[in-house]
Structure formats: C-alpha cells, structure tokens
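Residue numbers (our numbering): 25 to 389. Notes to accompany the following structure.
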C-alpha cells in the first residue's frame with residue numbers, strides 16, 4: 025500500500041489567477057489554511073448551516089465562488105447546487121426547484137432575469153435567506169428594484185480579491201439602500217481593513233486613500249514572483265490598488281483603481297466616476313475611460329463608448345450631458361465609438377489592453 029500523504033496547513037492547496045484587469049494575470053498561492061479560513065469567513069458572514077443549499081452559477085475556479093461559498097458548504101456539510109452555466113431562466117428554475125437558500129453571483133445575474141424572463145413573478149424564490157453579490161456595487165435605485173422584485177431584503181454585497189482569499193468587507197442587508205454603492209465599513213470575520221492616504225497616514229471622513237487588507241485567508245504570495253509579492257505588502261497589509269472614499273459614517277466607496285486614475289493638468293480624475301455618469305445616458309451600453317498622454321496637460325480623459333443598438337449618440341451629445349453632472353476638467357476631451365470592449369471572464373474591462381491599443385494607434389498622436 026502506498027504511504028499516506030502528509031499535508032501540512034501551510035502547504036499549497038491551490039493556485040488561482042487574478043482577473044488581469046490592469047495587466048497580465050498573476051498566480052496567487054493559497055495554503056490549506058488560507059482556503060479553510062476563506063470558507064469560514066463566508067459561513068460566518070451569512071450564517072451558513074449544514075441545512076443550507078447554496079446555488080453557484082459562476083465557475084468555481086473564481087476565488088469567491090470556490091473558497092467563500094463552495095468550501096464553506098463542504099466544511100459544514102451543506103449542499104451545493106452547481107449550474108453548468110448561467111442562464112436567467114435556469115437560475116430561477118434552480119432556486120425554485122432545488123429550494124436553494126443561498127445564492128452568489130455578479131450584479132448582472134440578478135438584473136438579467138428581470139429583463140429577460142417575462143414570467144419572473146411566477147417563480148417561488150422564498151427559500152433564499154441570503155442573496156449575495158460581488159464584483160461590483162448596486163446603486164440605490166436598483167437595490168430597491170431587486171428587493172421589490174425578489175420579495176426579499178436579504179441582500180449582501182461582498183468585496184475582496186483573489187489575493188485575499190477573497191476576504192474583505194461586506195455591505196449588509198440593512199445598509200443596501202442607505203449606503204448603496206458602498207463596500208461597507210467593517211471587515212468580514214478573520215479580516216481587517218483600513219484606507220491609507222500614505223504608508224503612514226490613514227484617511228479620515230471625506231478623504232480618499234488606498235484600501236489595505238489583512239486576512240487569515242490572505243495568499244502566501246504570487247507564484248514564482250517574489251518581487252511582486254514584496255511590492256504588494258506593507259507591514260503585513262496587502263495593498264489592493266483600489267482607491268476608496270471614506271464617508272462621515274466610516275463607510276468605504278471605491279472610486280477607482282490607482283492604475284486607472286487620470287492626472288490632467290494637476291487634477292485627479294477618477295475614471296469610475298466618469299464611467300458611472302456616462303453609463304446613465306440612455307443611449308450608452310458600455311464605456312471605458314482611460315488616460316491619453318498629452319504634451320502639456322500630462323494626460324487627458326478619453327472615453328471609449330459602446331452605443332445601444334438602434335440608438336444614435338454623438339460626442340457633442342455626451343459632452344452636453346456630462347456638463348450637467350461633472351466638473352469641466354473631468355469631461356472627456358475625446359470620445360471614440362467602438363463595437364465592443366475587451367472583458368475578463370468576471371465582466372471587468374481589461375483597460376491595459378485599451379492602453380496598449382492606444383499606444384500603438386497612430387491616430388492617438
């Protein structure tokens with residue numbers, strides 16, 4: 025008989041790759057201890073029990089479906105229901121027919137059924153006690169719509185990243201409308217969070233800074249990349265690269281990625297803020313805002329726009345629209361209309377590809 029394999033808590037359990045929104049995906053090494061702690065974090069966050077039935081429609085090679093929710097179910101002896109792929113109708117059927125009690129998905133997975141399933145109201149979704157979403161916020165208007173249509177006020181938003189296990193923060197059910205768009209103010213069990221203006225000074229109410237995380241489920245490091253690992257940490261804290269604003273109650277709002285912030289004429293422009301306003305235009309289906317090098321201003325704001333089918337919108341239309349919502353220096357100097365944008369499997373725009381295309385495009389000179 026072969027001798028038993030001895031596995032230590034700190035041995036590598038999995039190698040998960042980042043989504044690659046800002047550059048080449050990096051492999052995150054997680055130990056057995058990291059993975060178990062991520063599962064415990066998920067279980068404690070939504071009060072998992074062995075009687076739960078968790079529905080997962082995202083591939084479980086993503087860190088949150090795998091570690092926070094699938095591992096939590098295995099740890100507790102709960103049931104996992106896996107969809108081969110997400111489809112709005114199949115999602116509703118699975119909740120109803122399997123009597124699922126927990127669901128995790130991206131915001132679009134909640135909104136799509138409302139638009140694509142005519143008999144949505146006929147489905148019995150009452151078995152769910154925790155509707156969890158991640159990968160992006162839901163605004164106050166849509167939060168109210170979801171609570172009304174899903175006939176539930178048990179929505180949770182979770183924030184984290186592959187490096188952290190992922191463990192980070194959560195916006196709980198009672199906060200969904202009053203603090204819509206926030207990632208919460210307290211860290212999940214087993215994690216700590218702070219917002220830093222510099223390596224020595226924390227951000228106060230009304231200020232912005234970088235989100236730093238510390239978690240029991242934090243990766244051991246990047247695979248075969250000690251330099252990147254060292255650069256990612258400061259005194260044991262993981263530097264997320266996300267810029268957040270702290271409100272008067274201590275809630276955090278992601279305003280941009282550090283690599284996506286645009287500095288034009290000495291003014292900071294957060295691309296996400298500009299994108300959110302552009303997306304509120306009725307003729308816009310998709311947008312990405314990036315920096316364009318400029319000899320005098322350093323950088324200017326460039327917006328790539330995907331228009332909705334059967335609509336017409338011009339650069340002048342968008343400039344006039346944004347003039348009612350943004351300071352002049354935040355309004356893009358240039359709009360480019362494109363058929364599509366490059367996305368990661370998790371639905372995030374790969375801006376590094378757009379920047380590479382811009383660098384090689386003679387029209388950008």
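Heads up, the beta-carbon is just placed ideally off N, CA and C, and yes, glycines get one too.
query = Terminal residues of the continuous beta strand (DSSP E) containing residue 310?
reply = Locating residue 310 in the chain shown gives position 286, counting from the first residue. Residues 308–318.
ask   = What runs of the alpha helix (DSSP H), each 4 residues or longer, lie entirely inside the segment 78–110?
value = For the segment 78–110, the continuous alpha helix (DSSP H) assignments of 4+ residues that do not extend past its boundaries occur at 95–100, in sequence order.
query = Are the segment 96–114 and the segment 169–183 in contact at 8 Å, needing three or more beta carbon pairs?
reply = The segment 96–114 is not in contact with the segment 169–183.
inquiry  = Along the chain, where does the alpha helix (DSSP H) containing residue 381 start, and where does it finish?
reply    = Sequence index remark: in the chain shown, residue 381 carries index 357 (1-based). It spans 375–383 - the alpha helix (DSSP H) in which residue 381 sits, taken as one unbroken run.
request  = Write down the C-beta distance between residue 190 and residue 87 rounded to the nearest angstrom, noting that I regard them as a contact closer than 8 Å.
outcome  = What you label residue 190 is simply residue 166 of the chain shown in a count that begins at 1. What you label residue 87 is simply residue 63 of the chain shown in a count that begins at 1. Distance from residue 190 to residue 87 at the Cβ level is roughly 5 Å; contact confirmed, criterion being Cβ atoms closer than 8 Å.
message = If you reduce the DSSP assignment to three classes, tell me which class residue 172 lands in.
response = Taking the first residue of the chain shown as position 1, residue 172 is located at position 148. Under the three-state reduction of DSSP, residue 172 is assigned to helix.
inquiry  = Whole angstroms are fine: how far does the CA of residue 324 sit from the CA of residue 379?
reply    = Residue mapping note: residue 379 aligns to position 355 of the chain shown, counting from 1. Residue mapping note: residue 324 aligns to position 300 of the chain shown, counting from 1. A straight line joining the alpha-carbon of residue 379 with that of residue 324 spans about 13 Å.
task = Report the residue from 249, 137, 159, 35 whose alpha carbon sits nearest the alpha carbon of residue 51.
result = The residue you call residue 51 lines up with position 27 of the chain shown. Nearest option by C-alpha distance: 249.
message = On the criterion of 16 or more Cβ atoms from any shown chain inside 10 Å, does residue 267 qualify as buried, or is it exposed?
response = The residue labelled residue 267 in the question sits at position 243 within the chain shown. By the neighbour-count rule (16 or more Cβ atoms within 10 Å), residue 267 is buried.
query = Just how far apart, CA to CA, sit residue 32 and residue 271?
reply = Position 8 of the chain shown holds residue 32. Position 247 of the chain shown holds residue 271. Whole-angstrom Cα-Cα distance: 43 Å.
message = Rounding to the nearest angstrom, what Cα-Cα distance links residue 353 and residue 293 in this structure?
response = Here residue 353 corresponds to residue number 329 of the chain shown, with the count starting at 1. Here residue 293 corresponds to residue number 269 of the chain shown, with the count starting at 1. Cα to Cα, the separation comes out at about 8 Å.
task = Give the DSSP-derived three-state secondary structure of residue 281 in the structure shown.
result = Here residue 281 is taken as the residue at index 257 of the chain shown, counted from 1. In this structure, residue 281 counts as strand in the three-state DSSP scheme.
Residue 124 CB to nearest heavy atom of the ligand SAM below 7 Å = Ligands are entirely absent from the displayed structure, and the ligand SAM is therefore not among its contents.
message = Within a Cβ cutoff of 7 Å, which residues of the same chain sit near residue 349, ignoring the five residues on either side of it in sequence?
response = Numbered from 1 along the chain shown, position 325 holds the residue referred to as residue 349. Leaving aside the five residues that flank residue 349 on each side, the residues in its chain whose CB is nearer than 7 Å to its CB run, in chain order, 301.
query = Can you list, in chain order, the residues of its chain whose CB lies under 7 Å from that of residue 35, leaving out five sequence neighbours each side?
reply = One-based indexing of the chain shown puts residue 35 at position 11. Its chain contains 55, 56 as the residues whose beta carbon lies nearer than 7 Å to that of residue 35, once the 5 sequence neighbours on both sides are disregarded; these appear in chain order.
ask   = CA-CA distance, residue 246 and residue 264?
value = For this step, residue 246 is matched to residue 222 along the chain shown. For this step, residue 264 is matched to residue 240 along the chain shown. The straight-line gap from Cα to Cα measures roughly 14 Å.
ask   = Under a three-way DSSP split, which group does residue 204 fall into?
value = The count along the chain shown starts at 1 and reaches residue 204 at position 180. Residue 204 falls in the coil class under three-state DSSP.
key: residue 346 to residue 296 span [Cα, whole Å]   = What you label residue 346 is simply residue 322 of the chain shown in a count that begins at 1. What you label residue 296 is simply residue 272 of the chain shown in a count that begins at 1. The alpha-carbon atoms of residue 346 and residue 296 are separated by roughly 14 Å.
Residue 237, enclosing beta strand (DSSP E) - first and last residue = Sequence index remark: in the chain shown, residue 237 carries index 213 (1-based). From DSSP, the beta strand (DSSP E) with residue 237 extends over 232–239.
query = Taking Cβ to Cβ, would you say residue 205 is nearer than 8 Å to residue 273?
reply = Stepping through the chain shown from its first residue, residue 205 is reached at position 181. Stepping through the chain shown from its first residue, residue 273 is reached at position 249. For the 8 Å CB-CB criterion, residue 205 and residue 273 do not form a contact.
key: Same chain, Cβ closer than 8 Å to residue 116, neighbours up to 5 away in sequence not counted   = By one-based count along the chain shown, residue 116 stands at place 92. 137, 141, 144, 147, 149, listed in sequence order.
inquiry  = So if DSSP puts residue 272 in a beta bridge, which residue, or which two residues, is it bridged to?
reply    = In the chain shown, counting from the first residue as 1, residue 272 sits at position 248. According to DSSP, residue 272 bridges with nothing at all.
request  = Check residue 264 in the structure and name its three-state DSSP category.
outcome  = Your numbering for residue 264 matches position 240 in the chain shown. Strand at residue 264.
key: Status (buried if at least 16 other CB within 10 Å, exposed otherwise) for residue 60   = Position 36 of the chain shown holds residue 60. Under the 10 Å beta carbon count, residue 60 is surrounded by 16 or more other beta carbons and is classified as buried.
request  = Would you list the residues sitting across from residue 327 in a DSSP beta bridge?
outcome  = Within the chain shown, residue 327 is the residue found at index 303, counting from 1. For residue 327, which the question treats as bridged, DSSP gives the partners 313, 359.
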